[in-house]
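Chains L and Z, in that order, give the protein sequences.
With numbering that gives the first Met the number 0, you'll find the first sequence wraps up at 179, consecutive numbering, no jumps.
With numbering that gives the first Met the number 0, you'll find the second sequence wraps up at 179, consecutive numbering, no jumps.
For every residue, glycine included, the Cβ atom is placed at its ideal position computed from N, Cα and C.
Working notes, structure below.
There are 2 protein chains.
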Amino acid sequence: MDIRTLCLGVLSRGDATGYEIKKAFEEGPFGHIHAASFGAIYPALSALSDAGMVLGTEMAQEKRPDKKVFSITERGRTALCEALMAPPGEDKVRSDFLFILFFAHFLPAPRLADLIDRRIAWYRNCLERMESCDCEAARPGEVFVHGLGLAVYRAAAEYLAANRDRLLEEVSAGSRMVAE
Amino acid sequence: MDIRTLCLGVLSRGDATGYEIKKAFEEGPFGHIHAASFGAIYPALSALSDAGMVLGTEMAQEKRPDKKVFSITERGRTALCEALMAPPGEDKVRSDFLFILFFAHFLPAPRLADLIDRRIAWYRNCLERMESCDCEAARPGEVFVHGLGLAVYRAAAEYLAANRDRLLEEVSAGSRMVAE
DNA sequence: AGCGATATATACTGATCCGATATATAAATT
DNA sequence: AATTTATATATCGGATCAGTATATATCGCT
Numbered sequence: 000m001d002i003r004t005l006c007l008g009v010l011s012r013g014d015a016t017g018y019e020i021k022k023a024f025e026e027g028p029f030g031h032i033h034a035a036s037f038g039a040i041y042p043a044l045s046a047l048s049d050a051g052m053v054l055g056t057e058m059a060q061e062k063r064p065d066k067k068v069f070s071i072t073e074r075g076r077t078a079l080c081e082a083l084m085a086p087p088g089e090d091k092v093r094s095d096f097l098f099i100l101f102f103a104h105f106l107p108a109p110r111l112a113d114l115i116d117r118r119i120a121w122y123r124n125c126l127e128r129m130e131s132c133d134c135e136a137a138r139p140g141e142v143f144v145h146g147l148g149l150a151v152y153r154a155a156a157e158y159l160a161a162n163r164d165r166l167l168e169e170v171s172a173g174s175r176m177v178a179e
Numbered sequence: 000m001d002i003r004t005l006c007l008g009v010l011s012r013g014d015a016t017g018y019e020i021k022k023a024f025e026e027g028p029f030g031h032i033h034a035a036s037f038g039a040i041y042p043a044l045s046a047l048s049d050a051g052m053v054l055g056t057e058m059a060q061e062k063r064p065d066k067k068v069f070s071i072t073e074r075g076r077t078a079l080c081e082a083l084m085a086p087p088g089e090d091k092v093r094s095d096f097l098f099i100l101f102f103a104h105f106l107p108a109p110r111l112a113d114l115i116d117r118r119i120a121w122y123r124n125c126l127e128r129m130e131s132c133d134c135e136a137a138r139p140g141e142v143f144v145h146g147l148g149l150a151v152y153r154a155a156a157e158y159l160a161a162n163r164d165r166l167l168e169e170v171s172a173g174s175r176m177v178a179e
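Spelled out as structure tokens, the structure:
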């Protein structure tokens, strides 16, 4: 799913600036769905604007830099619906954390403990934020995907907390064997 | 984590061809950890070879095209360990499936049902394959990450199966209301 | 006082990666 | 015969990223 479609999706729910769109993909409703960077969002909005799929309106602000608010056009809505009807590509995951953990035997135990504890805290922080989010008025798909995100994050946090000590013991035991 | 480091990681466990490295990131041990494409793997192997971090040995085969088997050098091992000690970047997720589901109200219910059922089947297929994988002789980090992948996939499959019908009903109800 | 961090904003750039393609050797399926 | 599948290497134009630059403010630390 290209970043242009992602932007159309965000704008279909309401007008937004490029900055706000980025925020939606960080800690907002799309945070566990799809990543997107400023380096891709702004050129995408520019292309969408050239193609008449969005309309950008510049506004001055007080105490803050000027901003450009984008709204989706009917042409943009049509393009979004077509994209949503296309078969989805495969999910893509890139996790430095998991890659590093795969090679846990290369790391000292205290470093491992720190990494895992930070990740557990991260998950718990996300869960708190997501649980305090009021989804009652949201659309069924939004609620469904939100619930799926909660379920997956919970499972991950629980597994990390339940298995952390064992991994650390095994890695420490492996280090002692090597030292002997 | 760049693709060069990923390749070093795969090769640290044993010699491999570029094709085999790709396979490791598809349905192999790194399947739920990090994605990587041929377009990135081959240039990365070439750069690693130029930098003396891997060694490529060309081999002829019968009934198959020639292949080039890569092995990691000591310099490569050192670079891998340094990369593993660096702070991990943020996980990146890109899921067309979740994005489409977020906008479930735009899709007809039969299409939605098909998408969800295919994904449930995909998860169950992955779980079967992962569960039949013999990890007893693996290193502690490998076992840990494997278990985490299982936990997350199970949670996702269970949530999808448990909530599928409700989503379809709500989307159908929403369509009837719009029609009225 | 100056710097860094934070937040809100837009935009750009060189590096990295992707999806698709090309090519090759085979075998199986339609 | 064409397509699909599997094993292999390699490339290319387009997409995306991480970091940077710039701007308006405020706050915290040295």
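Contact check for Z/V92 against L/V142 fails: the beta carbons are separated by 7 Å or more. Taking the CA atoms as reference points, Z/E19 sits about 48 Å from Z/S174. Listed as beta-bridge partners of Z/H33 by DSSP are L/R93. The beta carbon of Z/G27 does not come within 7 Å of any beta carbon belonging to chain L, so the residue lies off that interface. Here the alpha carbon of L/L7 sits roughly 18 Å from the alpha carbon of L/E57.
L/P28 counts as buried, since at least 16 other C-beta atoms from the protein chains shown sit within 10 angstroms of its C-beta.
Between the beta-carbon of Z/P139 and that of L/D95 there is about 19 Å, and that puts the pair past the 8 Å contact cut. The alpha carbon of L/C125 has as its nearest neighbour, out of L/T4, L/V9, L/G17, L/E25, the alpha carbon of L/E25.
Beyond the five residues adjoining it in sequence on each side, Z/G75 comes within less than 6 Å, by CB distance, of L7, M52, V53 in the same chain, given in chain order. Only P87, G88, D90, K91, V92, R93, S94, D95, F96, L97, F98 from the segment 85-98 of chain L bring a Cβ to less than 7 Å from some Cβ of chain Z. Taking the Cβ atoms as the reference, Z/S171 lies roughly 10 Å from Z/A112, outside the contact range of under 8 Å.
In the DSSP assignment, no residue is bridged to Z/I119. Z/Y122 is outside the set of residues whose beta carbon lies under 7 Å from a beta carbon in chain L. C-alpha of Z/D90 to C-alpha of Z/L100: approximately 21 Å in a straight line.
Straight across, the Cα-Cα distance linking L/F98 with L/K66 is about 39 Å. For the segment 131-144 of chain Z, the beta-carbon criterion of a distance under 7 Å to any beta-carbon of chain L is satisfied by R138, P139, G140, E141, F143, V144. Between Z/A35 and Z/A15, the alpha-carbon positions lie close to 15 Å from each other. For Z/S70, the three-state secondary structure derived from DSSP is strand. Non-local beta-carbon contacts of Z/G148 in its own chain, meaning distances under 7 Å to residues more than five positions away in sequence, involve H31, M129 in chain order.
In the DSSP assignment, Z/M58 forms a beta bridge with Z/K66. Relative to Z/I71, the option among Z/Q60, Z/E168, Z/L5 whose CA is nearest is Z/L5.
Using a Cβ-Cβ cut-off of 7 Å, Z/Y158 counts as an interface residue toward chain L, since at least one Cβ of chain L sits closer than that to its own. Scanning its chain for C-beta atoms nearer than 7 Å, with the 5 sequence neighbours on each side dropped, one finds around Z/I40 the residues I2, C6, G17, I20, K21, in chain order. Closest option to L/S131, judged by alpha-carbon separation, among L/R118, L/G146, L/R12: L/G146. The beta-bridge partner set that DSSP reports for L/A137 is empty. Per the DSSP secondary-structure output, L/V53 pairs in a beta bridge with L/I71.
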